[in-house]
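A.B. asks:
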Amino acid sequence: MLRRFPIRAKLTVGSVAPLFVAFFICSLAGLYIINDKIAGQAQEKVRTDLNSAREVYRNELERIRELMDLTATNPYNSNSIVAGERNIRSLLRSRMENKHLDILTAVDASGKVLFRAHSPELKGDRQSSYFVEQALKGIAITGTTVLTPEELGKEGITLTNRATIPLISTPHARPRADKTERSGMMMVSAFPLKNNSGTVIGALYGGILLNNNNALVDKIKEIVYEGVQFKGTDVGSATIFLGDARIATNVRTTDGARAIGTRVSEQVYKQVILDKKKWIGRAFVVNDWYFTAYEPIIDLQGKAIGSLYVGMLEKPYTHMQKSVNSILYLVLFVTSLIGIAVSGFIGTLLARPIKELEKLAHRVARGERDLQIEVQSTDEVGDLAEAFNLMTRALGRQEAEIGLLHRALELKIEERTAQLSDKTKLLAQTQADLARAEKLADLGIVAAGVAHEINTPLAIIRGNTEVLEMCLPNEHPNREEVEIISQQTERMAKIVGNLLTFARQKSLNQRQFMVHEVLDDIVAQIRHQVPMDAVSVKWEYDLNLGPVTGDTDQLRQVFSNIILNAVQAMLPDGGTLRLTTRRHGPGNGCIVEVRDTGKGISPEHLEKIFTPFFTTKDTGTGLGLSVSYGIVKDHGGDIRVSSTPGMGTCFEIELPGVDPLAPGESAQ
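In terms of my numbering, the sequence shown opens at residue 51 and continues consecutively.
(1) Could you tell me if Trp-589 is buried or exposed, where buried requires 16 or more neighbouring beta carbons within 10 angstroms of its beta carbon?
(2) Helix, strand or coil: how does DSSP classify Lys-372 here?
(3) By the DSSP assignment, the alpha helix (DSSP H) with Gly-674 in it spans what residues?
(4) Measuring CB to CB, does Gly-286 end up less than 8 Å from Lys-269?
(5) Can at least three beta-carbon pairs, one atom from the region 302 to 314 and one from the region 212 to 222, be found at a separation below 8 Å?
(6) For Ala-309, count neighbouring Cβ atoms within 10 angstroms of its own Cβ and tell me buried if that reaches 16, exposed if not.
(7) To the nearest angstrom, how far is the alpha carbon of Ser-536 from that of Lys-473?
(8) Please classify Thr-303: is it buried, with 16 or more other beta-carbons within 10 angstroms of its beta-carbon, or exposed?
(9) Measure the alpha-carbon distance for Gln-579 versus Pro-622 and round it to whole angstroms.
(10) Between which two residues does the beta strand (DSSP E) holding Arg-226 run?
(11) Kindly give me the distance between the Cβ atoms of Val-682 and Val-608, rounded to whole angstroms, as I take these residues to be in contact under 8 Å.
(12) Can you pull the DSSP bridge partners for Glu-704?
(13) Would the region 254 to 268 and the region 232 to 240 be scored as touching if the rule is three or more Cβ pairs under 8 Å?
(14) Looking at the unbroken beta strand (DSSP E) that takes in Met-236, where does it start and where does it end?
(15) Would Ala-92 and Met-362 qualify as a contact pair, given that the criterion is a beta-carbon distance under 8 Å?
(16) Based on Cα-Cα distance, which residue from Lys-162, Ile-153 and Asp-152 lies nearest to Gly-134?
(17) Short of 7 Å in beta carbon distance, which residues of its chain neighbour Phe-280, apart from the five on each side in sequence? Order them along the chain.
(18) Going residue by residue through the region 91 to 135, where are the continuous alpha helix (DSSP H) segments of at least 4 residues, counting only ones entirely within it?
(19) Mapping DSSP to helix, strand and coil, what is Arg-416?
(20) Go through the region 151 to 229 residue by residue and report every complete run of the beta strand (DSSP E) that reaches 3 residues or more, in order.
(21) Evaluate Leu-380 with the Cβ neighbour count: other Cβ atoms within 10 Å of its Cβ, from every protein chain shown; 16 or more gives buried, anything less gives exposed.
(22) Can you tell me the Cα-Cα spacing of Asp-592 and Thr-630, whole angstroms?
(23) Going straight from the alpha carbon of Thr-599 to that of Leu-675, what length do you get?
(24) Is it the case that the Cβ atoms of Asp-346 and Ala-354 are separated by a distance below 8 Å?
(25) Hey, is the region 337 to 344 in contact with the region 95 to 109, meaning 3+ C-beta pairs nearer than 8 Å?
(26) Run the CB neighbour count on Cys-521, radius 10 Å, all protein chains shown included, and call it buried at 16 or more, exposed below.
(27) Does the Cβ of Tyr-108 have 16 or more other Cβ atoms within 10 Å, making it buried, or fewer, making it exposed?
(28) Express the C-alpha separation of Gly-306 and Ile-88 in angstroms, rounding to a whole number.
(29) Taking C-alpha atoms, which residue in Ile-613, Leu-656, Gly-637 and Leu-120 lies nearest to Ile-703?
(30) Is the CB-CB distance between Gly-188 and Pro-242 below 8 Å?
(31) Since Asp-158 and Gly-252 are thought to touch, with beta carbons under 8 Å apart, how far apart are those beta carbons, to the nearest angstrom?
(32) To the nearest angstrom, how far is the alpha carbon of Leu-151 from that of Trp-339?
(33) Below 8 Å between beta carbons: does that hold for Glu-112 and Met-237?
(34) With DSSP collapsed to three states, give me the class of Gly-698.
(35) In terms of residues, what are the limits of the alpha helix (DSSP H) holding Thr-602?
(36) Specify, as a first and last residue, the run of the alpha helix (DSSP H) that Arg-577 falls within.
Structural data, given as structure tokens:
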């Protein structure tokens, strides 16, 4: 049996050298703190350096903006540029060369290129880039953008060649299928050209291509790091990335060449480009370790297109750490040589299992499970370690069971919630349909009674009016009043007819018909009723749509009413009437869309348009859409409407499919 040594005895033995143990621990802590401080201060300096680099980058953009502002905002220059005067072209070429611009281009109000200072022979094409569109709208814009190989090709073969960068595979970079970067990152500024009256007559834009242009990154390095070196190597570096590829850098490869075309790690790419966040930390850059800082470069439309990087070589700080550590180790060795051999060993032996147990306890508190500590002694510490192991195993089992129960409960709750939501929506829709049906039924009964009661006196009035018209000569002074009575009587008869239709007094006479022919016939008839010279009709028919089953006369009334409303909504300004058909469901069902580009329907009116007697017209009865709604519902279909004020309205009529050869029916 192993002899047990109580912890009390071990503490008694260990207490003979507490000073040495404390000194040893404090020395190690000091080394750690010093090293951590050095690394932290280096990384903080890189963070500050990134701010300085950003200012240099912005100053370059501001320089381009000021140059374009000075050139484009003078009305005399604007008129001369658009007119193509020779002296202005010479001025543009001179400014481009003196200010080291790669492009300087003028376009007219339609975007057509008038003159390229860098490539005078390339003109006549149209520019549709975002910054050109903004300038032609009168908005001056400055920032960074990416030009595609096609857009670079328009600006000249020189820029295309400069932008082409072979990509070099580097460790931890994200996979890419292409082996060459052909797009170009440009600092660009575009200003509108205005005449004396302030009208935009064109645009002027200029910029600098950053691909293979190391002047800016060298300027950043010179300003931020002032040429500091360590053993013949520059301590600081700067880089501009397009996506994940270096397009301008003063980071060197092992053979001393600039590391153009090398790529950033996938981890940095995801955080900086995809998440648009800064990345600050220690990283292996090309062939050495650096303290690095990256921030995204945002284009004119808010998209991260690349990143700006600054970094400091880690070697000078590592060298400093080693020097400080050597001094501290020497002091520790000299002052602790006697006591470390005894008290250090005993103290370490005594503290090791307790410290390990403490670390594992913290890890358990943070959520880690199935942690086990190795039992190396048979004293109280060993008992405590064994109890800890039992506790972690039991805790892991219990949490696993709770997790399973929790997940099962969540699934049941989600399932019940989804079912309840679906049933609630169905109930609300059913209640709305029922309320509308009850309302329409009640109104239909009233409308039928009113129509029948009015018909008899209306017929008497009409007959007497016709007698008066026949009796009175054309030159009689009361002839005009009698004609007015006749016209108003006809109008009342039409209203009574609508009331009877709304009251569902007609049964369906269903047969098969070609919906396309009905729509074309309606459009032809409407052209004789209202002027449609300003209305353009677009037909988008499904050529595979066969005959549709329904009451042709009643459905013609529905289509006529909706198409006429659409045409009237676009007058007098005009617009586009779009008629669309497509198959729907089994059999010979279809959907007919009538879309206009008129003034639209306001939201507060949209919910009421199928309500009887609701109208926004001065001469309307408010029954047209109500009657149409009832006819479609009688056919077992549905009618829906969507509208955006100022942009137009779309009516969608859905007719259900009825198999013409179904039992009990015969083909027409």
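All residues carry an ideal CB built from backbone N, CA and C; glycine is no exception.
C.D. replies: The short version:
(1) Flag for Trp-589 reads exposed.
(2) helix
(3) 674 to 684
(4) no
(5) yes
(6) buried
(7) 56 Å
(8) exposed
(9) 14 Å
(10) Element bounds for Arg-226: n/a, residue is neither H nor E.
(11) So it is a contact: roughly 6 Å between Cβ atoms.
(12) Glu-704 is bridged by DSSP to Ile-641 and Asp-688.
(13) Between the region 254 to 268 and the region 232 to 240, the count of Cβ pairs shorter than 8 Å is three or higher; the stretches touch.
(14) 234 to 244
(15) Their beta carbons are under 8 Å apart, which means Ala-92 touches Met-362 by this criterion.
(16) Lys-162
(17) Leu-363, Lys-365 and Pro-366
(18) 125 to 133
(19) coil
(20) The qualifying runs are 153 to 158, 163 to 166 and 191 to 197.
(21) exposed
(22) Taking the straight line joining both Cα atoms gives about 8 Å.
(23) 21 Å
(24) Here the sequence assigns Pro to residue 346, which means Asp is not the residue at that position. Contact flag set, yes.
(25) Judged by Cβ distances under 8 Å, the region 337 to 344 makes contact with the region 95 to 109, as three or more pairs qualify.
(26) Exposed.
(27) In the sequence as displayed, the identity of residue 108 is Arg instead of Tyr. It counts as exposed.
(28) 29 Å
(29) Ile-613
(30) yes
(31) 5 Å
(32) 35 Å
(33) no
(34) In this structure, Gly-698 counts as strand in the three-state DSSP scheme.
(35) 602 to 620
(36) 565 to 579
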